[in-house]
Amino acid sequence: MSAPGLQTCDLIVDNGYLVTMDEERREIAGGAIAVKDRRIAALGPAGAIARSWRAARRIDAGGALVHPGFVESHYHTGLHLVRGVLSDAPDSGASSGPGVFIRWINALRDEDEHAGALAAGLEMLQSGHSAFVEAATAFEPDAVAEAAEALGIRCSVSDCMLWDRDGDPMAVQIERAPCDRARVERMLGEQVRRRPPGHEGLVRAHVALYGIGSGSEEIMRAAKRVADDTGAVFHQHQNFMAGDVAVDRERFGKAPLVRLNEIGVMDANTVFTHMNVMDDEEAEALVGSGAVVVWHPGNVMYYAIHPPGHSRMPALFEAGVPTGFGTDVAKSWIIGDLPFIAYLLTRHGGRYLSPRDLMAICTRGGARAFGALDEIGSLEIGKKADIVVRSDVPASAIPDFDPVYQATMISRSRTVDTVIVDGEIVLRHGRSTRLDEAEVLAAGKVSAKRMAARVGG
Ligand SMILES: [Zn+2]
Numbered sequence: 040m041s042a043p044g045l046q047t048c049d050l051i052v053d054n055g056y057l058v059t060m061d062e063e064r065r066e067i068a069g070g071a072i073a074v075k076d077r078r079i080a081a082l083g084p085a086g087a088i089a090r091s092w093r094a095a096r097r098i099d100a101g102g103a104l105v106h107p108g109f110v111e112s113h114y115h116t117g118l119h120l121v122r123g124v125l126s127d128a129p130d131s132g133a134s135s136g137p138g139v140f141i142r143w144i145n146a147l148r149d150e151d152e153h154a155g156a157l158a159a160g161l162e163m164l165q166s167g168h169s170a171f172v173e174a175a176t177a178f179e180p181d182a183v184a185e186a187a188e189a190l191g192i193r194c195s196v197s198d199c200m201l202w203d204r205d206g207d208p209m210a211v212q213i214e215r216a217p218c219d220r221a222r223v224e225r226m227l228g229e230q231v232r233r234r235p236p237g238h239e240g241l242v243r244a245h246v247a248l249y250g251i252g253s254g255s256e257e258i259m260r261a262a263k264r265v266a267d268d269t270g271a272v273f274h275q276h277q278n279f280m281a282g283d284v285a286v287d288r289e290r291f292g293k294a295p296l297v298r299l300n301e302i303g304v305m306d307a308n309t310v311f312t313h314m315n316v317m318d319d320e321e322a323e324a325l326v327g328s329g330a331v332v333v334w335h336p337g338n339v340m341y342y343a344i345h346p347p348g349h350s351r352m353p354a355l356f357e358a359g360v361p362t363g364f365g366t367d368v369a370k371s372w373i374i375g376d377l378p379f380i381a382y383l384l385t386r387h388g389g390r391y392l393s394p395r396d397l398m399a400i401c402t403r404g405g406a407r408a409f410g411a412l413d414e415i416g417s418l419e420i421g422k423k424a425d426i427v428v429r430s431d432v433p434a435s436a437i438p439d440f441d442p443v444y445q446a447t448m449i450s451r452s453r454t455v456d457t458v459i460v461d462g463e464i465v466l467r468h469g470r471s472t473r474l475d476e477a478e479v480l481a482a483g484k485v486s487a488k489r490m491a492a493r494v495g496g
């Protein structure tokens, strides 16, 4: 018999070390969360929750870490299966570097985009992600959306590779996405009109241009206007490497970020991805703008983008610039390794980010890049129930004196046990509850083989 005043909910996550990542970064040992109607209805000490709530289902976290779902802020799902298929050895000629990606993109069919998004999405769930931003290179955004919906992971899609300048060499090499103003005018905002922010599904949309020299000021202004009008975020690759910065600097007659700030495309709903190369004036413009940056510490090291110690990201984060992590393409690492790579890169530069800073980048910062910090990115009453429960079983989970340190840098993906997205348990004991994982992985292998044959790998 229910005690008087006992409320019912759908699920209680019990007996966890709650890292809320709310504004005060509150942490509650021996805590519990009540989930009702896909949202967090209550959270607090487990005893208090037990006295007030009765649930249809209960998950015992066994004292392990419970944190908000991570948000992968920039991922090219169509390129997910490329890793290791073609050599990336520096002496492998056309097989190495961005040339590989262009050939791969040109060989993609809808079924490959779907297979890549399924495999990537599964890896994201297994590394504690509850959401990801597709990085504006899906020819068929519905193929990515369907994969995300099947897995139960949140996703934001956008229009594919919009560009009207040949400032980036890639812009004139993608057969299905010609560099063409008329195409931009036809497609810009199509996805965000189909899936506007605030609609209830797992998949939403953002406005995006490819960027890094491939978009005129006119289309950047137009894209930002669509984002402003629809309440979406505007994403663009920006300041990736010295070469694209030089292209932008020449046409603008000044530093790219300074110009973008002047023309009004850099403010609180703007998300610039990569952002590896910038000068002092640009960093200053960025700090005052409210714009979000997506940091790619894996790329920085893989492409040796700047000398050791030159990463501005730790200082920008400390200066209050909202920062998310973007894996871009998980080239020679797995999704979920970025906090660790960022930590080492930061230390290599003579600076320090704490495990909680790294956790904030994975959660709150990612939620800003997703355009939904009001809905996800922290464990707070009223927010969507996107929750990760860790396990303390694997060897890498000990000694666990500081669960946040342990999860962000030591065990990383290995301790992810349960992922709840939108109130639904979509990963339990490390396995998808929705799909046959063997089938997802087999389809991924078949696609990668097919793709390798097409691109001559
Ligand atoms: Zn990218």
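For the sequence shown, the residue numbers in the numbering used here are 40 to 496. Even for Gly, the Cβ is constructed at its ideal location relative to N, Cα and C.
Per DSSP, the bridge partner or partners of residue i
i, result
"A170", "V110 and R193"
"K423", "R78"
"A434", "Note: A434 sits in no beta bridge, so no partner."
"S318", "Note that residue 318 corresponds to Asp in the displayed sequence, not to Ser. None; D318 has no bridge partner."
"T309", "F273"
"W202", "None, per the DSSP bridge assignment."
"R93", "T47"
"A71", "G83"
"Y56", "L104"
"R142", "Its beta-bridge partners do not exist; DSSP assigns none."
"E66", "V58"
"V460", "E463"
For residue i, the three-state DSSP class (helix, strand or coil)
i, result
"D49", "strand"
"S471", "strand"
"T366", "coil"
"G337", "helix"
"P129", "coil"
"M40", "The predicted position of M40 is uncertain, since its pLDDT is 48 and thus under 50; a value taken from the coordinates is nonetheless stated next. Coil."
"A247", "strand"
"P361", "coil"
"V304", "coil"
"P394", "helix"
"L418", "coil"
"P84", "strand"
"V183", "helix"
"T176", "coil"
"R222", "helix"
"V284", "helix"
"V124", "coil"
"D267", "helix"
"D151", "helix"
"R429", "strand"
"I344", "coil"
Buried versus exposed, by CB contacts within 10 Å (16 or more), residue i
i, result
"M40", "Confidence in M40 is poor, its pLDDT being 48 and thus under 50, which makes the residue's placement unreliable; the coordinate value appears in the next sentence. Under this definition M40 is an exposed residue."
"S417", "buried"
"Q46", "exposed"
"L383", "exposed"
"R96", "exposed"
"H335", "buried"
"K484", "exposed"
"V286", "buried"
"F440", "exposed"
"G86", "exposed"
"R351", "buried"
"R386", "exposed"
"E478", "exposed"
"G250", "buried"
"P442", "buried"
"E152", "buried"
"G228", "buried"
"E179", "buried"
Residues of its chain near residue i, where Cβ-Cβ distance is below 7 Å and the 5 sequence neighbours each way are ignored
i, result
"G469", "Q165, V455 and D456"
"G329", "D306 and A307"
"A2", "Only positions 40 to 496 of the chain appear in this structure, which leaves residue 2 out of reach."
"R244", "Position check: residue 244 holds Ala in this sequence, whereas Arg was assumed. Excluding positions up to five away in sequence, the list reads S195, V196, S197, Q230, V231, R233, R234 and A271."
Contacting residues, own chain, Cβ-Cβ under 6 Å from residue i (five flanking each side not counted)
i, result
"L299", "M305"
"G303", "none"
"V183", "T116, A156, E173, A177 and V196"
"V211", "D205 and C218"
"A94", "C48, L50 and I51"
"G160", "A186, A187, L190 and I192"
"Q445", "D439"
Cβ neighbours of residue i in the same chain (closer than 8 Å, five flanking residues each side left out)
i, result
"E111", "M163, H168, A170, F171, V172, F364, G365, T366, I374 and G405"
"E321", "N278, A294, P295, L296 and V297"
"L118", "F140, W143, I144, G155, T176 and V368"
"V105", "V52, G55, Y56, L57, V58, G70, I72, L418, I426, V427, V428 and R429"
"A491", "V124 and L125"
Run the Cβ filter for me: residues under 5 Å from any heavy atom of ligand 1, listed in the order they occur in the chain. Those residues that bring their Cβ nearer than 5 Å to a heavy atom of ligand 1 are A174 and D367.
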